[in-house]
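S.K.: Questions regarding the structure given below will be posed in turn.
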Amino acid sequence: MTHRILLDATAVPADRGALSRYVDGLLAALHALGADLAVACQRADERRYADLVPGARVVPGPAALAHRASRLAWEQTGLPYLARQVGADVLHVPAYAMPMAADLPTVVTIHDVTLFTEPGDDPIRATYVKSATRTAVRRATRLIAPSRATRDGLVRMLDADPSHIDVAYHGVDHGLFHRPSEEEAKRVSDRLGLHGRPYIAYLGALEPRKNVPNLIRGWAKACARRDDPPALVLAGSGGWDDEIDAALAAVPPHLKIVRPGYLPWSALPGFFGGALAVALPSRGEGFGLPVLEAMACGAAVLTTRRGPLPEVGGDAVAYTEPDADGIAAALSALIDDPSGRRALGEAAVERARRFTWTASAENHLASYRRAVEQYAAASSAGGEAP
Numbered sequence: 001m002t003h004r005i006l007l008d009a010t011a012v013p014a015d016r017g018a019l020s021r022y023v024d025g026l027l028a029a030l031h032a033l034g035a036d037l038a039v040a041c042q043r044a045d046e047r048r049y050a051d052l053v054p055g056a057r058v059v060p061g062p063a064a065l066a067h068r069a070s071r072l073a074w075e076q077t078g079l080p081y082l083a084r085q086v087g088a089d090v091l092h093v094p095a096y097a098m099p100m101a102a103d104l105p106t107v108v109t110i111h112d113v114t115l116f117t118e119p120g121d122d123p124i125r126a127t128y129v130k131s132a133t134r135t136a137v138r139r140a141t142r143l144i145a146p147s148r149a150t151r152d153g154l155v156r157m158l159d160a161d162p163s164h165i166d167v168a169y170h171g172v173d174h175g176l177f178h179r180p181s182e183e184e185a186k187r188v189s190d191r192l193g194l195h196g197r198p199y200i201a202y203l204g205a206l207e208p209r210k211n212v213p214n215l216i217r218g219w220a221k222a223c224a225r226r227d228d229p230p231a232l233v234l235a236g237s238g239g240w241d242d243e244i245d246a247a248l249a250a251v252p253p254h255l256k257i258v259r260p261g262y263l264p265w266s267a268l269p270g271f272f273g274g275a276l277a278v279a280l281p282s283r284g285e286g287f288g289l290p291v292l293e294a295m296a297c298g299a300a301v302l303t304t305r306r307g308p309l310p311e312v313g314g315d316a317v318a319y320t321e322p323d324a325d326g327i328a329a330a331l332s333a334l335i336d337d338p339s340g341r342r343a344l345g346e347a348a349v350e351r352a353r354r355f356t357w358t359a360s361a362e363n364h365l366a367s368y369r370r371a372v373e374q375y376a377a378a379s380s381a382g383g384e385a386p
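Okay, structure coming up:
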């Protein structure tokens with residue numbers, strides 16, 4: 001039996017970051033597998049989702065959903081009403097929060113539990129996400145985690161029932177994220193003002209768990225005495241970390257740091273694949289999508305063994321401890337070993353091929369089926385369906 005799935009995409013932000021890549025990749029793969037889909041979205045995204053999943057019922061919400069407070073209120077009242085309108089058999093909320101009175105099987109994706117162990121860049125948002133996560137653990141029919149590490153964190157920190165959690169790894173768009181041509185790499189290098197100079201690449205928010213201050217310190221230590229030191233490029237937008245300015249102030253003046261802000265998706269293959277190495281030494285992740293995307297571009301990736309990152313990187317990336325001295329030693333080893341970097345890049349491309357949105361969508365469909373069966377069993381037993 002085919003179940004109609006309502007996916008709530010109203011929380012996807014305008015900057016098309018990691019949540020957007022998850023929702024887009026999942027929806028396209030679900031559609032390709034023949035899923036019966038309905039999509040709730042913001043008005044500005046109606047045409048984009050209609051093109052992404054042709055034939056699906058795409059329902060734009062009210063204009064006020066562009067404001068977070070209005071969207072959170074609508075999730076509690078408007079979303080359950082919409083689920084009834086479209087005849088949904090299961091509701092998937094891909095970003096923490098769920099309506100308290102959904103009256104149908106509800107699946108919630110919990111992307112990570114790092115806010116329970118690391119400070120966030122926005123205290124108000126952190127309080128909301130932690131509260132929404134606790135509510136989903138108690139009330140959702142099933143949870144989806146993008147890694148075993150996130151599943152285990154939910155069980156350990158929030159006493160979640162492991163039998164109600166499904167692990168579905170993210171995929172990577174292998175059409176978008178690929179080994180770049182020389183021209184693609186040159187175009188990005190010129191855009192960054194480097195014009196062929198080697199560089200270490202970072203992409204992500206500037207928030208504490210991303211460990212950017214120690215990356216800056218480690219890079220500076222690894223490069224301070226080199227005759228031709230690689231630049232450090234800190235790409236990405238948003239976030240906050242009080243230590244970053246102090247780390248930047250201590251960088252020797254002959255070393256070059258570039259902060260280009262947001263890079264469009266089309267530039268990412270050239271950015272990742274054109275780098276000497278991609279350094280993502282995070283202290284906490286739910287999955288580590290930038291690590292996987294850099295791997296797909298043939299980059300030599302340096303990351304940590306924290307959380308799910310070894311699940312993604314396996315033996316196809318280099319690892320470091322998250323402290324500045326560890327990062328300095330690991331970066332020095334990569335800079336001094338061109339053949340090792342090439343070998344990592346080859347292994348990374350091969351490993352990245354294992355992660356597809358089709359496999360992710362199949363695991364999501366299995367979770368939806370379990371949710372429908374679990375909800376029906378609880379209802380027929382006369383208990384309160386979760």
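Mind the numbering: the sequence shown is residues 1 to 386 in the UniProt record's numbering, read in order. Note that the Cβ used here is the ideal one computed from N, Cα and C, for glycine as well.
#1: Identify every run of the alpha helix (DSSP H) within the region 206-260, keeping only runs that are complete inside it and at least 4 residues long; order them along the chain.
#2: Answer with buried or exposed for L289, where buried requires no fewer than 16 other C-beta atoms within 10 angstroms of its C-beta.
#3: Would you give the residue range spanned by the alpha helix (DSSP H) that D51 belongs to?
#4: Note down the Cα distance separating K130 from V113, rounded to an integer number of angstroms.
#5: Taking a contact to mean a Cβ-Cβ separation below 8 Å, would you say A296 touches H178 in this structure?
#6: Please report the straight-line C-alpha distance between C223 and A246, rounded to a whole angstrom.
#7: Could you name the residues of the same chain whose beta carbon sits closer than 6 Å to that of P94, not counting the 5 residues immediately before and after it, in chain order?
#8: Tell me whether the beta-carbon of L115 lies closer than 8 Å to the beta-carbon of V137.
#9: Identify every residue that forms a DSSP beta bridge with R57.
#10: Which residue from R47, A40, A348 puts its Cα closest to that of E75?
#11: Is V317 helix, strand or coil by DSSP?
#12: With distances taken Cα to Cα, identify the nearest neighbour of N211 among A145, G326, I124.
#13: Which residue marks the beginning of the beta strand (DSSP E) containing R202, and which one marks its end?
#14: Flag this pair as yes or no: are the beta carbons of V167 and A371 separated by less than 8 Å?
#15: Tell me the rounded alpha-carbon separation between A377 and Y368.
#16: When you compare the CB positions of M98 and T127, do they come within less than 8 Å of one another, or not?
#17: Which residue wins for smallest C-alpha separation from Q85, given the options P60, M100, A73?
#18: Look up L365 in the DSSP assignment and say whether it is helix, strand or coil.
#19: Can you round the beta-carbon distance between P208 and D241 to whole angstroms, since I take them to be within the 8 Å contact cut?
#20: Could you check what DSSP says for D152 in three-state terms: helix, strand or coil?
#21: Return the Cβ separation of L6 and L91 in integer angstroms, given the expectation that the two are a contact with Cβ distance under 8 Å.
#22: Determine, using beta carbons only, whether Y49 and A88 come nearer to each other than 8 Å.
#23: Leaving out five residues on either side along the sequence, give the residues of the same chain with a beta carbon under 7 Å from the beta carbon of L26.
#24: Of all the options A64, R156, L302, which has the alpha carbon lying nearest to the alpha carbon of D315?
#25: For the alpha helix (DSSP H) containing A352, list its first residue and its last residue.
#26: How should G34 be labelled, buried or exposed, when 16 other C-beta atoms within 10 angstroms of its C-beta is the threshold for buried?
#27: Look up R139 in the DSSP assignment and say whether it is helix, strand or coil.
#28: Here's a check: name, in chain order, each residue in its chain whose Cβ is nearer than 8 Å to the Cβ of R148, leaving out the five neighbours to either side.
#29: Between T320, A235, R47, L331, which lies nearest to F271 when the distance is taken from Cα to Cα?
#30: Taking all protein chains shown into account, do 16 or more other C-beta atoms lie within 10 angstroms of the C-beta of G340, making it buried, or fewer, making it exposed?
#31: For A32, is the classification buried or exposed, using 16 other Cβ atoms within 10 angstroms of its Cβ as the cut-off for buried?
#32: Suppose you measure from the CA of H67 to the CA of G196; what does that come to, to the nearest Å?
#33: How many angstroms separate the CA atom of S163 from the CA atom of P198?
#34: Measure the Cβ-Cβ separation of L344 and A300 and say whether it is below 8 Å.
#35: What does the alpha-carbon distance come out to for the pair W165 and T117?
#36: How many angstroms separate the CA atom of H260 from the CA atom of L143?
M.R.: This is what the structure gives:
#1: 212-223, 243-249
#2: Translated into the one-based positions of the sequence shown, residue 289 becomes position 289. Its Cβ being crowded by 16 or more others within 10 Å, L289 is buried.
#3: Translated into positions along the sequence shown, residue 51 becomes position 51. Where D51 is concerned, the enclosing alpha helix (DSSP H) stretches over 46-52.
#4: In the sequence shown, the residue the question calls residue 130 occupies position 130. In the sequence shown, the residue the question calls residue 113 occupies position 113. One C-alpha to the other measures close to 8 Å.
#5: Stepping through the sequence shown from its first residue, residue 296 is reached at position 296. Stepping through the sequence shown from its first residue, residue 178 is reached at position 178. Yes, Cβ-Cβ distance for A296 and H178 is below 8 Å.
#6: For the purposes of this step, residue 223 is taken as residue 223 along the sequence shown, with counting starting at 1. For the purposes of this step, residue 246 is taken as residue 246 along the sequence shown, with counting starting at 1. C223 and A246: Cα-Cα distance of roughly 18 Å.
#7: Numbered from 1 along the sequence shown, position 94 holds the residue referred to as residue 94. Around P94: V23, T109.
#8: The count along the sequence shown starts at 1 and reaches residue 115 at position 115. The count along the sequence shown starts at 1 and reaches residue 137 at position 137. No, the Cβ-Cβ distance between L115 and V137 is not below 8 Å.
#9: Within the sequence shown, residue 57 is the residue found at index 57, counting from 1. A38, per the DSSP bridge assignment.
#10: Along the sequence shown, one-based indexing puts residue 75 at 75. Checked all of R47, A40, A348; the closest Cα to E75 is A40.
#11: One-based indexing of the sequence shown puts residue 317 at position 317. Coil, per DSSP.
#12: For the purposes of this step, residue 211 is taken as the residue at position 211 of the sequence shown. Out of A145, G326, I124, G326 has the C-alpha closest to the C-alpha of N211.
#13: The sequence position of residue 202 within the sequence shown is 202, counting from 1. Arg is not the amino acid found at residue 202; the sequence shown has Tyr there. Where Y202 is concerned, the enclosing beta strand (DSSP E) stretches over 199-203.
#14: Stepping through the sequence shown from its first residue, residue 167 is reached at position 167. Stepping through the sequence shown from its first residue, residue 371 is reached at position 371. No, these two residues do not count as a Cβ contact at 8 Å.
#15: One-based indexing of the sequence shown puts residue 377 at position 377. One-based indexing of the sequence shown puts residue 368 at position 368. So the two alpha carbons sit approximately 14 Å from each other.
#16: The residue you call residue 98 lines up with position 98 of the sequence shown. The residue you call residue 127 lines up with position 127 of the sequence shown. No, Cβ-Cβ distance for M98 and T127 is not below 8 Å.
#17: Along the sequence shown, one-based indexing puts residue 85 at 85. It is P60 whose Cα lies nearest to the Cα of Q85.
#18: Residue numbering aside, residue 365 sits at position 365 when the sequence shown is read from its first letter. Helix.
#19: For the purposes of this step, residue 208 is identified with residue 208 of the sequence shown, where counting begins at 1. For the purposes of this step, residue 241 is identified with residue 241 of the sequence shown, where counting begins at 1. The Cβ separation is near 5 Å, so the contact holds.
#20: Taking the first residue of the sequence shown as position 1, residue 152 is located at position 152. Reduced to three states, the DSSP call for D152 is helix.
#21: Mapped onto the sequence shown, residue 6 falls at position 6. Mapped onto the sequence shown, residue 91 falls at position 91. Contact flag correct, Cβ pair sits at about 5 Å.
#22: Indexing the sequence shown from 1 puts residue 49 at position 49. Indexing the sequence shown from 1 puts residue 88 at position 88. It is not a contact, given that the beta carbons lie outside the stated cut-off.
#23: Numbered from 1 along the sequence shown, position 26 holds the residue referred to as residue 26. Closer than 7 Å at Cβ, skipping near neighbours: W357, S360, A361, H364.
#24: As a first step, residue 315 is located in the sequence shown; it is residue number 315 there, counting from the start. It is L302 whose Cα lies nearest to the Cα of D315.
#25: Taking the sequence shown and counting its residues from 1, the one referred to as residue 352 is at position 352. Here the alpha helix (DSSP H) through A352 covers 338-352.
#26: In the sequence shown, the residue the question calls residue 34 occupies position 34. That one is exposed.
#27: Translated into the one-based positions of the sequence shown, residue 139 becomes position 139. Three-state DSSP puts R139 in a helix.
#28: Mapped onto the sequence shown, residue 148 falls at position 148. Only V167, P308, E311 meet the Cβ criterion.
#29: Mapped onto the sequence shown, residue 271 falls at position 271. Ranking the options by Cα distance to F271, first place goes to A235.
#30: Indexing the sequence shown from 1 puts residue 340 at position 340. G340 is exposed by the Cβ-count criterion.
#31: Here the question's residue 32 lines up with position 32 in the sequence shown. The residue is exposed, with fewer than 16 neighbouring Cβ atoms inside 10 Å.
#32: By one-based count along the sequence shown, residue 67 stands at place 67. By one-based count along the sequence shown, residue 196 stands at place 196. Rounded to the nearest angstrom, the two C-alpha atoms are 42 Å apart.
#33: In the sequence shown, the residue the question calls residue 163 occupies position 163. In the sequence shown, the residue the question calls residue 198 occupies position 198. Distance between the alpha carbons of S163 and P198 is about 48 Å.
#34: On the sequence shown, residue 344 is found 344 positions in, with the first residue counted as 1. On the sequence shown, residue 300 is found 300 positions in, with the first residue counted as 1. Contact: yes.
#35: Working through the sequence shown from its first residue, we reach residue 165 at position 165. Working through the sequence shown from its first residue, we reach residue 117 at position 117. Per the sequence shown, the amino acid found at residue 165 is Ile instead of Trp. So the two alpha carbons sit approximately 20 Å from each other.
#36: Locating residue 260 in the sequence shown gives position 260, where the first residue counts as 1. Locating residue 143 in the sequence shown gives position 143, where the first residue counts as 1. What sits at residue 260 in the sequence shown is Pro, not His. If I take the Cα positions, the gap works out to 37 Å.
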